[in-house]
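**Student:** First residue of the sequence shown: 0, per numbering that gives the first Met the number 0; consecutive thereafter.
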Amino acid sequence: MAIGRGRPKRAAAERLVEQLYAEHGRSLLAYATRLTGDRAAAEDVVQEALVRAWKHADDLSGDRPGSVRGWLLTVVRNLVTDRARARASRPPEVAEGPETLAAPVQRDHAQGVVDSMTVLGALEGLSQEHRDVLVEIYYRGRSVAEAAEMLGVAPGTVKSRSYYALRALRAAMVSGGTEAVR
């Protein structure tokens, strides 16, 4: 018997919610959109406000339309405030897209430091002319013509020195300090 008595009450509550949505739905959505700045979030807020109206149907079924509208607007404002507080209390969410999932893992920079020290040590073993050419071309990013102009030598000399400097640098790094001379 208890089930049968609840159905008319539920139907009345559903009719009330339909009536509330018909009368106040647009203004609630406009208000929620203005507060949130997001139409989808505003729709969720209005839906939750109507669920709360359905739960409190007995309290809202009175003949005071102004107070019902005020109650609904207050519920919408409180829901938006609660959502903002909940977002502020947790760390921001990171969107997971294909670029996030495939992001490379940062490797330890210690190996880069060791490599730099090894190259600098090997560079010290080169002649000044070879070191100058490598610095201009690889460190400063100059073209052969620009390096030749900066060093005051012919472009062919820059090419030759860079070839032999790289060869000597490679040999120094492989053998642990032996310099190839040319």
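In this text, a Cβ means the ideal position worked out from N, Cα and C, and glycines have one as well.
These numbers were taken from a predicted model, which means no experiment stands behind them.
With a CB to CB cut of under 7 angstroms and the five nearest residues on each side skipped, what residues in its chain are close to Arg135?
**Tutor:** At residue 135 the sequence reads Glu, which differs from the Arg that was named. Taken in chain order, the residues that qualify are Arg141, Ala146, Met149 and Leu150.
**Student:** By alpha-carbon positions, which one of Ser159, Arg76, Gly69 and Thr80 ends up nearest to Glu128?
**Tutor:** Ser159
**Student:** Where Leu19 and Arg68 are concerned, what is the direct C-alpha to C-alpha distance, given to the nearest angstrom?
**Tutor:** 9 angstroms
**Student:** Is the CB-CB distance between Leu49 and Val16 below 8 angstroms?
**Tutor:** yes
**Student:** Cα-Cα, which of Ala164, Asp107 and Arg14 is closest to Arg130?
**Tutor:** Ala164
**Student:** With a CB to CB cut of under 6 angstroms and the five nearest residues on each side skipped, what residues in its chain are close to Ala56?
**Tutor:** Here the set comprises Ala12 and Leu15.
**Student:** Once the 5 residues before and after His182 are set aside, which same chain residues still bring their CB inside 6 angstroms of it?
**Tutor:** Residue 182 lies beyond the residue range present for the chain, which begins at 0 and ends at 181; the question has no answer from this structure.
**Student:** I need the boundaries of the alpha helix (DSSP H) containing Ala153, first residue and last residue.
**Tutor:** Here Ala153 belongs to no alpha helix (DSSP H), and DSSP marks it neither H nor E.
**Student:** Buried or exposed: which applies to Leu119, given that a residue is buried once 16 or more other Cβ atoms fall within 10 Å of its Cβ?
**Tutor:** Burial state of Leu119 is exposed, judged by a 10 Å Cβ sphere holding fewer than 16 other Cβ atoms.
**Student:** Which residues mark the beginning and the end of the alpha helix (DSSP H) in which Asp37 is found?
**Tutor:** Neither: Asp37 is in no alpha helix (DSSP H) and is coded neither H nor E.
**Student:** Would you grab the beta carbon distance between Ala31 and Ala41 for me? Rounded to a whole angstrom, and I think it's under 8 angstroms.
**Tutor:** 4 angstroms
**Student:** Specify, as a first and last residue, the run of the alpha helix (DSSP H) that Glu128 falls within.
**Tutor:** Element bounds for Glu128: Gln127 to Leu133.
**Student:** Hey, could you find the ends of the alpha helix (DSSP H) Val57 is sitting in?
**Tutor:** According to the sequence shown, residue 57 is Asp rather than Val. The continuous alpha helix (DSSP H) containing Asp57 extends over residues Ala56 to Leu59.
**Student:** Kindly indicate which residue of Leu133, Val152 and Glu123 has the alpha-carbon position closest to the one of Tyr162.
**Tutor:** Closest by alpha carbon: Leu133.
**Student:** Among the candidates Met172, Arg51, Ser66 and Ala21, whose CA atom is the shortest distance from the CA of Met116?
**Tutor:** Met172
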